[in-house]
Structures are given as structure tokens and as C-alpha cells.
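Here the structure is laid out as C-alpha cells; the discussion comes afterwards.
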Amino acid sequence: MIILASGSPRRRELLTLLGLPFEVISSDADESTPSGLAPAEIVRSLALRKAEAVLPSAGERAAVIVGSDTIVVLGNQVLGKPADKQDSRDMLQLLQGRTHQVYTGVACIGLPEGKTVVEHRVTSVTMRAMSMDEISAYIATGEPADKAGSYAIQGLGATLVERIEGCYFNVVGLPLSLLGEMLSGFGISVLGRQRSY
Ligand SMILES: Cc1cn([C@H]2C[C@H](O)[C@@H](COP(=O)(O)OP(=O)(O)OP(=O)(O)O)O2)c(=O)[nH]c1=O
């Protein structure tokens with residue numbers, strides 16, 4: 071059994087694609103990050119914090135807990151989820167016409183023994199130039215509100231993205247090829263029948 075430590079509907083949909091049974095336990099982990107950490111360290115530590123936050127609810131069963139965190143990085147600026155519409159506007163003005171990186175960290179904890187593996191992936195995303203009016207119109211759709219970097223590549227935001235390099239699913243919030251590899255290290259094979267959990 072897999073326990074997805076996430077309140078994100080996107081992560082739930084992505085994990086469904088693997089065709090494995092799973093349960094969702096919403097994580098209320100503290101998402102504040104100590105300043106000065108490199109992007110990879112930020113997403114790895116938050117992914118682990120989210121997975122660890124559901125440990126008390128997971129009980130004694132054999133399960134793999136999966137936690138994940140996504141941030142958008144442009145140069146030395148780290149963009150999480152926007153605080154409000156002005157924050158979204160600032161983020162999209164920064165991202166338009168440029169290439170940025172999306173980092174997603176994934177943490178797996180195997181129970182009951184507690185084996186822990188943490189990895190991350192980076193995808194480069196090039197966004198087309200946008201006018202202020204287009205940015206305002208996009209914000210008015212409501213889509214940017216709960217997305218790192220204030221856009222959703224899987225939604226209307228697809229029309230803003232010129233090209234990507236790397237895993238698409240990493241941008242949406244759960245890198246599925248990486249997760250598949252990590253789960254096989256816990257005896258869960260996506261394509262075969264081997265299931266230790
Ligand atoms: C860049 C980008 C981000 N996102 C989303 C994925 C994540 O849900 C969100 C980043 O916020 P996160 O803090 O990683 O995740 P979350 O708070 O939504 O969910 P939880 O912590 O409970 O697992 O941004 C998209 O859906 N599409 C995109 O193109």
C-alpha cells in the first residue's frame with residue numbers, strides 16, 4: 071500500500087496514473103523554509119517533512135509514505151505558491167519571456183522499518199512573452215492561485231509554455247518516472263506484479 075502525504079488534487083491524479091492502490095493522508099507539515107538553502111535542498115527537506123508529518127496517522131501497517139514538494143526557481147529567486155493576486159502578477163512578470171527551473175522533491179518512507187529515500191528532479195520551462203493585460207486575464211481565471219510560480223502547465227498555463235526540457239510530470243508536482251524507480255527500491259513494481267507493500 072502507498073500513502074500519499076498530500077492535499078494536492080494534482081498529485082492524487084498523477085499517482086492514479088501508476089495504477090497502484092493508494093490512500094491519501096493530508097499533510098499539515100510546516101512549509102516554511104530556512105533561508106540560504108539551495109533549491110534542491112528546499113524541495114528535498116519539505117518533501118521529507120510532509121512524509122514524516124503523516125507518520126503518526128500511518129499506524130503499524132506495511133506501507134510506503136510518499137511526500138512531495140514543488141518550487142519554481144528563476145536565477146536566485148525561489149517562487150512558491152502566491153500569497154495573493156499581486157504576488158501572482160509579480161511572479162508571472164518575472165517568468166514571462168524567460169526560462170526557469172521547476173524543482174520537485176520526493177521522499178519515500180517504508181514502514182514499518184522506516185527506510186527513507188529522498189530524491190529530486192529539475193525541469194526547465196521556457197515561457198513566452200506576455201503583456202500585462204494577458205497576465206491579468208490569466209490571473210482572473212483563478213488558475214494561478216494555488217500553484218508554485220503562479221501557473222499550471224496542465225491547464226490554461228499550457229498556452230504560456232513554449233518548451234520544456236525534462237519530466238513534464240515533475241512540473242505538475244510528481245515526477246512519475248522517478249517515483250516509479252523509487253518505489254521499485256521498496257519492492258513495489260509499477261509494471262510487474264511484485265508487491266511487498
Ligand atoms: C509549476 C506548477 C505547479 N503546480 C502545483 C503543484 C503543487 O500542487 C503546487 C506547489 O505546491 P506544493 O507546496 O508543492 O504542494 P501543495 O501545497 O499543493 O500540496 P501538498 O503540500 O499537500 O502535497 O503547484 C501545478 O499544478 N502546475 C504547474 O505547472
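Taking my numbering, the leading residue of the sequence shown gets 71, the next gets one more, and so forth. In this text, a Cβ means the ideal position worked out from N, Cα and C, and glycines have one as well. None of these values were measured; they are calculated from a predicted model.
Based on Cα-Cα distance, which residue from the options lies nearest to residue i?
i, options, result
"D298", "S76, S220, L226, S254", "The structure shown does not extend to residue 298, since the chain is modelled only from 71 through 267, so no value can be given for it."
"L244", "V136, V94, Q171", "V136"
"P182", "G89, L162, F256, I141", "F256"
"I95", "L116, E122, S102", "E122"
"D100", "L118, G262, K185, M202", "L118"
"E93", "V124, I141, L116, T103", "V124"
"S102", "A133, A128, D139", "D139"
"S206", "L116, V242, T169, Q163", "Q163"
"A199", "G227, K155, G184, T186", "G227"
"V187", "G89, E251, P79", "E251"
"F239", "E83, A133, V260, L116", "E83"
"L248", "E189, Q156, Q224", "E189"
Along the chain, where does the alpha helix (DSSP H) containing residue i start, and where does it finish?
i, result
"R233", "Premise fails: R233 lies in the beta strand (DSSP E), 231-235, not in any alpha helix (DSSP H)."
"M71", "No alpha helix (DSSP H) holds M71; DSSP gives it neither H nor E."
"E83", "79-86"
"Q156", "155-165"
"V260", "Looking at the DSSP string, V260 is not in any alpha helix (DSSP H), and its letter there is neither H nor E."
At which residues does the beta strand (DSSP E) containing residue i begin and terminate?
i, result
"E122", "No beta strand (DSSP E) holds E122; the alpha helix (DSSP H) holding it covers 109-123."
"E93", "92-94"
"L138", "Before going further, note that residue 138 is Ser rather than Leu in the sequence given. That run of the beta strand (DSSP E) goes 133-144."
"G175", "169-181"
"Q147", "147-149"
(request) Please confirm if the segment 193-207 is in contact with the segment 234-245, defined as three or more CB-CB distances below 8 Å between the two stretches. (result) yes
(request) Mind the definition here: the segment 163-181 touches the segment 110-124 only if three or more C-beta pairs lie below 8 Å; say whether that holds. (result) yes
(request) Count the C-beta pairs between the segment 203-223 and the segment 145-152 that are closer than 8 Å, then say yes if the count reaches three, no if not. (result) yes
(request) May I have a chain-ordered list of the beta strand (DSSP E) segments no shorter than 3 residues that lie completely inside the segment 190-222? (result) none
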